[in-house]
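All letters in the sequence shown, in the order written, are residues 1 to 594 by UniProt numbering.
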Amino acid sequence: MATAIFSNPKFSPTITTTSSKNHYHCQRRTHLLLHDKVQAFQAASLKLNPNPHYKKPQIVSCQSSGSESPDTEKVRRPEYIPNRISDPNYVRIFDTTLRDGEQSPGAALTSKEKLDIARQLSKLGVDIIEAGFPAASKDDFEAVKIIAKEVGNAVDADGYVPVICGLSRCNENDIRRAWEAVKYAKRPRIHTFIATSPIHMEYKLRKSKEQVIEIARNMVKFARSLGCDDVEFSPEDAGRSEREFLYQILGEVIKAGATTLNIPDTVGYNVPKEFGELIADIKANTPGIENVVISTHCQNDLGLSTANTISGACAGARQLEVTINGIGERAGNASLEEVVMAIKCRGDQQLGGLYTGINTRHISMTSIMGCKYSHIRLLLEPMLLHMKAVSISGRHALKQQLEELGYELEDEQLESIFWRFKSVAELKKRITDADLRALVSDEVFQPEVIWKFVDLQVTCGTLGLSTATVKLIGSDGKEHVACSVGTGPVDSAYKAVDLIVKEPVALLEYSMNAVTEGIDAIATTRVLIREETSDLSGHGSTVERVTRTFSGNGSGMDIVVSSVKAYIGAINKMLGFKDRTVVNSSEERIPISA
């Protein structure tokens, strides 16, 4: 029986290679330092070592509101009422990873991945999940509908169930489509928007202020007429809109039945003082504002999305729109992890007692899932491990250890990971949290299998050409074998895979990291590929060619095996995405930051 000792790894520089200087990194990973292993402490308190020369990784645990440890911490969540919150200090967390976050370059998500993320967001305890833009395509519609049916009806023992929201432009077709997708949830919401800044009204909408007000008012009424009693309205580019016009249009949509007013800094233009004043002015001057919840949505073009969001909350906003790891269009959005942990750590001392209903124990797992399912990877993950030495032997002990790390796996997944664990334990004397995370990621965070990796044999060196033989199993269950030569073992293996798959792809990025130090470290590989064919995407009267990218991750003690797994994962994701319904030319896929 395999037995391994878990301990803190000694930290050494991470082995990293990349084929692109433009590699897109997660720059905001401080949140994991704040809370990656907070559950290990029996009493929650702030623990920082003031000595800058102290070499051990520092773990920060934030003061909780009570004597309970984070493991047993009870979330105080007021009863959900669409247009008001009974506790003035409670802040709703609105996650838009599945809508705005998917607009991050390369972050094309499959329906399975969207459902997995929605389940994890529910486990995390977000109040509202914006599941997508149903009118964008048939596949987007079906993904939102599935999430509404499954996640939107999963009520926990305390009565919590997330609101499932669908985005729509201010037109009847979009709004009707959004309602048809979200209406299956216990708490459905329609989120509709129209631009209100002078530049957008003049050059994008080509409409007057009066026309924009009339459209907004009528479309909110239409959403309510469908039977939806939870309607959110966003004045797109509010950060650059005229104040008096904002007060006017917001007052009109309140009278029409809006329950939440979302104030977006669409182009990431505002600074914290300015954005906080915007929220305060809207709260003070909009007629009927006491009958709705004010929300924020801040883009990160100037690196101020989290600061602007917190500033908005201090000024009276009680719904904050965020994404996992801050992913999103252009520079991204406010980071869920940063916003939640800022409120958790400083809510009592500096933010007037603000708090959320987020179960912060699951933040680390949520962040890692977001990285694995998108093209963004964690740079600091190996530094975040902290665990007392513990002996582990058998499935039950492995299951317990994984649960401590935030993983709740199905029996089939656990069985597969157990056998992977045994094989690794026979080769390594010590296994760390990072090793387990790598094994779980290789098993859980993978796309639906179209091509399954079976075997690999490589020959390389200085005495001849590198050669690789690869065996894969296709979706038909048949084995396929191919051999190829290349400039190195990875190149020859990838070329052999190409001979089997017969899909023209270009490798854009390739990176490898050692999970821990030592020659026996598990390697994690990440690749980004692009299909050589591209889609046509309608954008109003403009048609542009859109090239999609797909990421893949693989782990293993053999770096070539790890590399091939990552490559096949990316290909499977690409093929799965190609099977999705093609967007008709009449369906506009419009990136929206509202």
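Just so you know, even glycine gets a beta-carbon here, dropped at the ideal spot from N, CA and C.
{"Query": "Close beta carbons around Ala-307, own chain, < 7 Å, minus the five adjacent residues each side", "Result": "Pro-272"}
{"Query": "Beta-carbon spacing of Ile-289, Ile-263 below 8 Å", "Result": "no"}
{"Query": "Complete beta strand (DSSP E) runs within the region 413–453 (minimum length 3 residues, chain order)", "Result": "none"}
{"Query": "Reduced DSSP secondary structure (H/G/I, E/B, other) of Gly-556", "Result": "strand"}
{"Query": "Extent of the continuous beta strand (DSSP E) to which Leu-528 belongs", "Result": "523–531"}
{"Query": "Beta-carbon proximity of Gly-312 to Gly-276, cut-off 8 Å", "Result": "yes"}
{"Query": "Bridge-paired residues (DSSP) for Phe-94", "Result": "Ile-128 and Glu-321"}
{"Query": "Gln-120, buried or exposed, once every other Cβ within 10 Å from all chains shown has been counted against 16", "Result": "buried"}
{"Query": "Closest Cα partner of Val-470 within the set Ile-358, Glu-517 and Val-481", "Result": "Val-481"}
{"Query": "Pick from Leu-302, Ile-117, Val-155 and Pro-134 that is closest to Glu-172, judged by C-alpha positions", "Result": "Pro-134"}
{"Query": "Inter-residue spacing [alpha-carbon to alpha-carbon] between Gly-464 and Ala-136", "Result": "52 Å"}
{"Query": "8 Å contact criterion, which Ala-334 and Ser-305 should meet: CB distance rounded", "Result": "4 Å"}
{"Query": "Local conformation of Pro-162 per DSSP, three classes", "Result": "coil"}
{"Query": "Ranges of the alpha helix (DSSP H) found wholly within the region 248–301, counting only runs of at least 4", "Result": "272–285"}
{"Query": "Residues that DSSP places opposite Cys-483 in a beta bridge", "Result": "Thr-469"}
{"Query": "CA-to-CA distance, Asp-520 to Cys-228, given in whole angstroms", "Result": "57 Å"}
{"Query": "Buried versus exposed call for Tyr-203 [16 or more other C-beta atoms within 10 Å across all chains shown]", "Result": "exposed"}
{"Query": "Same chain, Cβ closer than 6 Å to residue 609, five either side skipped, listed in chain order", "Result": "Outside the modelled stretch of the chain, which goes from 1 to 594, sits residue 609, for which no answer is possible."}
{"Query": "Same chain, Cβ closer than 6 Å to Gly-540, neighbours up to 5 away in sequence not counted", "Result": "With a pLDDT of only 39 at Gly-540, under 50, the local geometry of the prediction cannot be trusted, and the value read off the model is given with reservation. Hits under 6 Å: none found."}
{"Query": "Alpha-carbon to alpha-carbon, Met-512 and Phe-94", "Result": "34 Å"}
{"Query": "Cβ-Cβ distance between Thr-524 and Ser-475 below 8 Å", "Result": "no"}
{"Query": "Residues bridged to Ala-514 (per DSSP)", "Result": "Ala-523"}
{"Query": "Spatially closest choice to Ser-441 from Thr-459, Val-458, Phe-141 and Arg-420, by CA coordinates", "Result": "Arg-420"}
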